[in-house]
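Peer 1: Following my numbering, the residues of the sequence shown are numbered contiguously, the last one being 739.
Take a look at this one; I'll ask things after.
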Amino acid sequence: MPQTHYSTCSLCEATCGIVVETEGRRVLKIYGDENDVFSKGYICPKAAALQDLYEDPDRLWEPVKRTTTGWRTISWEEAFDEVAKGILVTQKAHGRDALAFYLGNPSVHCLGIMTLGQLFIRSVRTRSRFSATSVDQLPHMLAAQQMFGNQVRIPVPDIDRTDFIVIVGANPLVSNGSVMTAPGMKSRLKALKSRGGTVVVIDPRRTQTAAIANEHHFIRPGTDAFLLLAIVQVLFAENLVSVGRLEALVDGVDEMRVLASETNPESVEQVTGMDAESIRALARGAAKAKRPVFYGRMGACTQEFGGLTAWLLNVLNILIGSLDEPGGAMFANPAVDLPGLASRFGLKGHYDRYRSRVRDLPEFSGELPVATMADEMLVDGDGKIRGLVSIAGNPVLSTPNGPKLESALAGLDFMVAIDPYINETTRHANIILPPTTPLERDHYDVVFGLLMVRNNAKYAPAVFERQPEQRHDWEIFAELWARLQKSGPLSKAKSSLFKRALLRGGPRAVIGMALRTGPHKLSLRKLLKSPHGVDLGALKSMMPAALATKDERIHLVTDPYRKDLARLHASKERECEFPLRLIGRRHLRSNNSWLHNSERLVKGKEGCTLLMHPDDAASYSISTGDEVTIASAAGEVRVGVEVTDEVLRGVVSLPHGWGHSRSGTQTRTAEKHAGVSMNDLTNDAAIDVLSGNAILNGVPVRLVT
Ligand SMILES: Nc1nc2c(c(=O)[nH]1)N[C@H]1C(S)=C(S)[C@@H](COP(=O)(O)OP(=O)(O)OC[C@H]3O[C@@H](n4cnc5c(=O)[nH]c(N)nc54)[C@H](O)[C@@H]3O)O[C@H]1N2
Ligand SMILES: Nc1nc2c(c(=O)[nH]1)N[C@H]1C(S)=C(S)[C@@H](COP(=O)(O)OP(=O)(O)OC[C@H]3O[C@@H](n4cnc5c(=O)[nH]c(N)nc54)[C@H](O)[C@@H]3O)O[C@H]1N2
Ligand code: SF4
Ligand SMILES: [Mo]
């Protein structure tokens, strides 16, 4: 008998409601849920790939162990025993920090990892913690921690009420929005324009979002901090600063005036490639609009001055009176109160409490920059990493200088991957523990409630029951915890939280409790009776209650930013032997490194090409379709070119997440559409030293002729 299930797509941040029609253990159809209170029927082409993930003949169902003759299936009991032993032996022989964790992006979309997984990781004592945060949104979290006192108090653009949005280094039409959970971005931006509003895009590429914007300004990669500082200067110089309701709470406005005073628009024309008049017009436009907002994402964060850029975006929102105001940069009030829980459990975040062993880089909230993970595995000394637990990640393709990391992984004593695939990273593991995939588990968006442009909540029970031979992510952690707890290497306090969560019954019960005690006092029962979600209303002002700084004030300027401005100014004078700047791009039918095994998503036009401006192509006598070798300080790749004036002159663009030609993976479709890895070019040696974030955009490269 066919059955209809209402669920949520967990592949990206948009949290679209989906309808999954099934018969027995088969998926018949997946489509958008028109009754979903938030997404109202919107989905993108990736939703259908949930079926492909579920049915994929390459995915693992049971644990596998690497042997000299290949992968061998082993029982869960044997796998858990061996993995627990690997963790124990590594820490006993070489110290706690010899064991590392890497947590990849899908973990934030997985209820089991966000609840028991997080508690498990925190209960294993080690400072060698890494995650995809430091190739992504770390600068936003640092700014939230520094300015508002809580790393998860991140403002989101109130996209449905703003009348002037400046989008810096984001392409929501393709990414479907990031650090802004808003399904159906195209309609939302169109609605913004039809109510007379203005969309401005700042990007070195004329993206799909730029194409529908009122204005697009090309900018030289990595120079946004100059632009934003110049806008701050104009606001002060022309008396356009108006902090508004929060004025009495904000410290540092006068200092900000001084910090920006030397940076007028003329002084940044050359470095940014934007003319002074456009910069002035932008500042005036934002200041005079009724409900303006500055918003930035990957292009703003993952660049040489990502820390400063993310900070300046907040600074601007404060100076124009947009922070915490309708139509501005607002704070969500999630049904599971993550900021409140973070405060309660001492997880508001901290910065630079200790530094990485090899390169002296600052920790953030107990994590070290992933760009230095390979160093910590390769360089001898006390605390050298000898063992790795890699969870839901593919850092060989997703972090800078993948080849170096590969050689580091090959030299580890012990590695375990919790992942359904044998991919470029997990192939180095001794044991792979495959969890269930999205349709086989309950879903609740613990993280994205924080970033929603309209408060809402939805609990989606699993579409399929897991099979006896399968385990959920959280069950894997429970088994490992049970084994490790007996031998005693776990932190007692944190371990007891894990135990409590487990005894209550796992993730579903944890969410039930968090909902009841959350600001909307919801019950799990109510959510289970509301398969299309519960609307909790438009964003509301949250300050000052949401402020978590010790002195209960908003800090416009803090020490790390003050100091890093000197590095920014010094960069203007720098010479560089590489004439081109490499930036990334995303495709609608792709999701980081791991959906390329879905035939329906990869078929058609080849996605992994190098975009190059016609003038640059002419100067190297290159045409579309030619193959070129492109080199950076870290490595080189050979790739086909697409000549287009979409990119700024001097800029080339490659998507990331490709490069599936490495031997020993088990992703047959992806291997047929291998492409090259952008992260064979990105340089682990150069990072944004303020935040510890990797530089994935504006990478200096040259053509090898
Ligand atoms: N050059 C460049 N590099 C980039 C970026 C860029 O723009 N340019 N973007 C960066 C960004 S924003 C991100 S978020 C990172 C992503 O980097 P990563 O998180 O390291 O890599 P993913 O490609 O997301 O790989 C996800 C892995 O998780 C597995 N997986 C999927 N679902 C589950 C699950 O529920 N449980 C478990 N245990 N495993 C699961 C998949 O099989 C896959 O192996 O890449 C970053 N790297
Ligand atoms: N289809 C699809 N959707 C996705 C993903 C995916 O892989 N595919 N990944 C998901 C993930 S993990 C994330 S984090 C989000 C990311 O979401 P977004 O940040 O919206 O997506 P990107 O395409 O990385 O957009 C970055 C933009 O910055 C521009 N840029 C590069 N360098 C600079 C610079 O120096 N300055 C400025 N101003 N702009 C610059 C690039 O040209 C690009 O247009 O997308 C999510 N959604
Ligand atoms: S935009 Fe696409 S991938 Fe993202 S949640 Fe919606 S359907 Fe899934
Ligand atoms: Mo990301």
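Here a beta-carbon is modelled for each residue, glycine too, at the ideal position from N, C-alpha and C.
Which residues have their C-beta within less than 6 Å of a heavy atom of ligand 3, listed in chain order?
Peer 2: Cβ atoms closer than 6 Å to ligand 3 belong to Cys43, Leu45, Cys46, Ala48, Thr49, Cys50, Ile77, Cys78, Lys80, Ala81, Asn210 and Pro217.
Peer 1: Around ligand 4, which residues pass a check of Cβ closer than 6 Å to any of its heavy atoms?
Peer 2: With the cut-off at 6 Å, the residues found are Asn139 and Asp170.
Peer 1: When DSSP builds the beta bridges, which residues end up paired with Val677?
Peer 2: Met646, per the DSSP bridge assignment.
Peer 1: Do Leu518 and Ile121 have their beta-carbon atoms positioned less than 8 Å apart in this structure?
Peer 2: Yes; because the gap between Cβ atoms is below 8 Å, this pair is in contact.
Peer 1: Please report how far the alpha carbon of Gly51 lies from the alpha carbon of Val71, in whole angstroms.
Peer 2: When rounded, the distance between both Cα atoms is 8 Å.
Peer 1: Starting from Glu776 and walking both ways along the beta strand (DSSP E), at which residues does that stretch end?
Peer 2: There is no way to answer for residue 776, as the model of the chain reaches only from 35 to 739.
Peer 1: For ligand 2, is there any heavy atom lying closer than 7 Å to the beta carbon of Asp237?
Peer 2: Result yes, Cβ under 7 Å from ligand 2.
Peer 1: According to DSSP, simplified to helix, strand and coil, what is Tyr385?
Peer 2: Here Tyr385 sits in strand by DSSP.
Peer 1: Looking at Ile425 and ligand 1, is the gap between the Cβ and the nearest heavy atom below 7 Å?
Peer 2: Indeed, a heavy atom of ligand 1 lies less than 7 Å from the Cβ.
Peer 1: Around the C-beta of Leu62, are 16 or more other C-beta atoms found within 10 angstroms, so that it is buried, or is it exposed?
Peer 2: Its Cβ having fewer than 16 others within 10 Å, Leu62 is exposed.
Peer 1: In chain order, which continuous runs of the beta strand (DSSP E) of length 3 or greater are located wholly inside the stretch 585-641?
Peer 2: Listed in chain order, the complete beta strand (DSSP E) runs (minimum 3 residues) inside the stretch 585-641 are 614-619.
Peer 1: State the start and end residues of the unbroken beta strand (DSSP E) segment that holds Ile465.
Peer 2: Note, Ile465: beta strand (DSSP E), Ile465 to Leu467.
Peer 1: Please identify the residue among Gly340, Thr42, Ser695 and Leu350 whose C-alpha is closest to the C-alpha of Ala264.
Peer 2: Among Gly340, Thr42, Ser695 and Leu350, the Cα nearest to that of Ala264 is on Leu350.
Peer 1: So the candidates are Ser162, Ser276 and Ile313; which of them puts its Cα closest to the Cα of Gly261?
Peer 2: Strictly speaking, residue 261 in this sequence is Leu, with Gly absent from that position. Of the candidates Ser162, Ser276 and Ile313, the one whose C-alpha sits nearest the C-alpha of Leu261 is Ile313.
Peer 1: So, do the stretch 243-252 and the stretch 282-292 have three or more beta carbon pairs nearer to each other than 8 Å?
Peer 2: Output reads no: the stretch 282-292 does not touch the stretch 243-252.
Peer 1: So for Thr167, helix, strand or coil by DSSP?
Peer 2: Three-state DSSP puts Thr167 in a helix.
Peer 1: For the stretch 405-414 and the stretch 372-392, state whether three or more C-beta atom pairs, one from each stretch, are separated by less than 8 Å.
Peer 2: Because the criterion of three Cβ pairs below 8 Å is met, the stretch 405-414 and the stretch 372-392 touch.
Peer 1: Taking just the CA atoms, how far does Thr160 sit from Lys520?
Peer 2: Approximately 18 Å between the Cα atoms of the pair.
Peer 1: Taking its Cβ as the centre, do 16 or more other Cβ atoms sit within 10 Å of Tyr65, making it buried, or is it exposed?
Peer 2: Classification for Tyr65: exposed.
Peer 1: Taking contact to mean at least 3 C-beta pairs separated by less than 8 Å, is the stretch 81-98 in contact with the stretch 639-654?
Peer 2: Output reads no: the stretch 639-654 does not touch the stretch 81-98.
Peer 1: With hydrogens ignored, establish whether the beta-carbon of Met332 is closer than 7 Å to any heavy atom of ligand 2.
Peer 2: Answer for Met332: yes, Cβ within range of ligand 2.
Peer 1: With a threshold of 16 other CB atoms inside 10 Å of the CB of Arg60, please say whether the residue is buried or exposed.
Peer 2: Exposed: under 16 other Cβ atoms inside 10 Å.
Peer 1: Using the Cα positions of Ile199 and Val277, report the straight-line distance between them to the nearest angstrom.
Peer 2: So the alpha carbons of these two residues sit roughly 18 Å apart.
Peer 1: Considering Cα atoms alone, identify which of Ser168, Pro326 and Ile456 is closest to Gly138.
Peer 2: Closest option to Gly138, Cα to Cα, is Ser168.
Peer 1: Hey, Gln185 and Lys418: beta-carbon distance below 8 Å or not?
Peer 2: No. Outside cutoff.
Peer 1: Report the rounded CA-to-CA distance for Asp660 versus Ala728, giving the unit in angstroms.
Peer 2: So the two alpha carbons sit approximately 30 Å from each other.
Peer 1: From Leu207 to Leu524, what distance separates their C-alpha atoms?
Peer 2: Each residue's Cα considered, the two are about 44 Å apart.
Peer 1: Just to check, is the beta-carbon of Thr306 closer than 7 Å to a non-hydrogen atom of ligand 2?
Peer 2: Because no heavy atom of ligand 2 lies under 7 Å away, the Cβ of Thr306 does not count as near it: no.
Peer 1: Tell whether a beta-carbon distance below 8 Å holds between Leu19 and Ala317.
Peer 2: Within the shown structure, residues of the chain are numbered from 35 to 739, placing residue 19 beyond reach of any answer.
Peer 1: Taking the alpha carbon of Cys610 as the reference point, which residue from Val675, Glu676 and Val733 has its own alpha carbon closest?
Peer 2: Comparing Cα positions, the closest option is Val733.
Peer 1: Judging by CA-CA distance, which residue of Tyr88, Tyr329 and Leu514 is the nearest neighbour of Lys533?
Peer 2: Of the candidates Tyr88, Tyr329 and Leu514, the one whose C-alpha sits nearest the C-alpha of Lys533 is Leu514.
Peer 1: Leaving out the 5 sequence neighbours to the left and right, which residues in its chain are closer than 6 Å to Leu274 when beta-carbon positions are compared?
Peer 2: Cβ within range, chain order: Ala321.
Peer 1: Looking only at its chain, what residues have a beta carbon closer than 6 Å to the beta carbon of Ile236, apart from the 5 residues adjacent to it on each side?
Peer 2: The answer, listed in chain order, is Val202, His251 and Ile253.
Peer 1: Within 10 angstroms of the Cβ of Met148, are there 16 or more other Cβ atoms? Answer buried if so, exposed if not.
Peer 2: Burial call: buried.
Peer 1: Can you grab the Cα-Cα spacing for the pair Ser711 / Trp692, in whole Å?
Peer 2: If you take the alpha carbons of Ser711 and Trp692, they lie about 5 Å apart.
Peer 1: Which one of Leu581, Val487, Ala451 and Ala496 has the shortest CA to CA distance from Tyr88?
Peer 2: For Tyr88, the nearest C-alpha among the options comes from Ala496.
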